[in-house]
Amino acid sequence: MRDLQAWTEEIGYERRDAASARRASDNIVAFFDEIIPRRRAHPGSDFISTLLAAKVDGKPLGDREIMDFCWFLLIAGLDNTAFTIRNLLLQISASDSLRERLIREPARIADAVEEVLRLYSPVWGIARTATRDTEIDGQPIAAGERVMMLFASADRDEAKFPEPDRFVLGRKPNVHVAFGVGKHRCLGTHLARLEIRVAVEEVLRHLPDYQVAGEVGWNGMGPLPVTYTPKTINLEATA
């Protein structure tokens, strides 16, 4: 699991080393190439075994489809969720008033999740291929060219969000596009929101005074070192 996390970080947005990203991508493919035949021979109750047993219109999924699902699970199901949990915990650690509010009113954690998704979108953009020649805001785009759409910039549009660079708990309206929109909306939207909310609820319940230790950057899935006060447990010995 640690290897998968490290490889995922190597192909993240912050990386600029193409060779390192390619090696990480090759390692991920090799990992799944090894485990998929093993699960096919000895199925269990895990996700990959479930994919191998699945059928669409009576036909099992092909190897390419299973590999694509594994990639999707890794990038969307692990990387993006961990990214957002980490950023929200950083935001809470930096604001005593926000921490106190969320501990006092845990129902507002859902609002905090939406605002951190808007402010620090786990997916900044996505590439598309132009199907015909066009021009956008004076920029010509030829058919066949790849275009990177940085849709996270829409979530900091001052015309839509007053003080767009500030974290505002309960911002209304907060119609962000962190999970996409329309027919391209992320399938895991509701699960991701649930995972982030529950994770932060549990941290604040068990480690309410946690503080991030040292200098830690935003926008990452790496370790988040913290300090906290251990709880006192009263034990009584009986003969």
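Going letter by letter, the sequence shown gives residues 0 to 238 in numbering that gives the first Met the number 0.
A virtual CB, placed ideally from N, CA and C, is assigned to each residue, including glycine.
Would the beta-carbon of residue 6 fall within 7 Å of that of residue 34?
Not closer than 7 Å, so no.
In angstroms, rounded to a whole number, what distance separates the CA positions of residue 48 and residue 195?
Answer to the nearest angstrom: the Cα atoms are 26 Å apart.
Are the Cβ atoms of residue 87 and residue 202 separated by less than 7 Å?
Going by C-beta atoms, residue 87 is not nearer than 7 Å to residue 202.
Across the segment 106-119 and the segment 135-143, are there enough close Cβ pairs to call them in contact, namely three or more that are closer than 8 Å?
Touching, no, given that fewer than three Cβ pairs across the two stretches are closer than 8 Å.
Mind checking whether residue 102 and residue 207 have CB atoms under 7 Å apart?
Cβ distance < 7 Å, so residue 102 and residue 207 count as in contact.
Could you tell me whether any non-hydrogen atom of the ligand MN is closer than 6 Å to the CB of residue 141?
Inclusion of the ligand MN in the displayed structure is not the case, the ligand content being empty and no account of it being possible.
Classify residue 186 as buried or exposed, calling it buried when 16 or more other Cβ atoms lie within 10 Å of its own Cβ.
The residue is exposed, with fewer than 16 neighbouring Cβ atoms inside 10 Å.
Identify the continuous beta strand (DSSP E) that holds residue 139 and give its terminal residues.
Its beta strand (DSSP E) spans residues 138-140.
Could you give the DSSP three-state label for residue 10: helix, strand or coil?
In the structure shown, residue 10 sits in coil (DSSP, three-state: anything other than H, G, I, E or B).
In or out: residue 161 buried (at least 16 other Cβ within 10 Å) or exposed?
Residue 161 is exposed by the Cβ-count criterion.
May I ask you to report which of helix, strand or coil DSSP gives residue 80?
In the structure shown, residue 80 sits in a helix (DSSP, three-state: H, G or I).
Taking C-beta to C-beta, are residue 124 and residue 150 nearer than 7 Å?
For residue 124 and residue 150, yes; Cβs fall inside 7 Å.
Run the CB neighbour count on residue 127, radius 10 Å, all protein chains shown included, and call it buried at 16 or more, exposed below.
Exposed, by the Cβ-count rule.
So the candidates are 89, 117, 170; which of them puts its Cα closest to the Cα of residue 216?
The option with the nearest alpha carbon to residue 216 is 89.
On a Cα-Cα basis, can you pick out the residue from 25, 165, 184 that is closest to residue 117?
It is 165 whose Cα lies nearest to the Cα of residue 117.
Grouping DSSP H, G and I as helix and E and B as strand, with all else coil, what is residue 188?
Of the three classes helix, strand and coil, the one that applies to residue 188 here is helix, per DSSP.
Grab me the residues of residue 94's own chain with a C-beta within less than 8 Å of its C-beta, minus the 5 sequence neighbours each way, in chain order.
Once the five neighbours on either side are set aside, the close Cβ partners of residue 94 are 166.
What does the alpha-carbon distance come out to for the pair residue 178 and residue 172?
Taking the straight line from one Cα to the other gives about 16 Å.
Helix, strand or coil for residue 182, going by three-state DSSP, please let me know.
Note: residue 182 maps to helix in three-state DSSP.
Throw me the rounded Cβ distance for the residue 39 and residue 51 pair, which I believe falls under 8 Å.
Indeed, because the Cβ distance is near 5 Å, the residues count as touching under 8 Å.
Have a look at residue 229 and residue 97 and give me their C-alpha separation to the nearest angstrom.
Residue 229 and residue 97: Cα-Cα distance of roughly 22 Å.
Over the uninterrupted alpha helix (DSSP H) stretch that includes residue 34, give me the two end residues.
17-40 is the extent of the alpha helix (DSSP H) around residue 34.
Would the beta-carbon of residue 19 fall within 7 Å of that of residue 211?
No. Outside cutoff.
Which partner residues does residue 59 have in the DSSP bridge list?
Per DSSP, 54.
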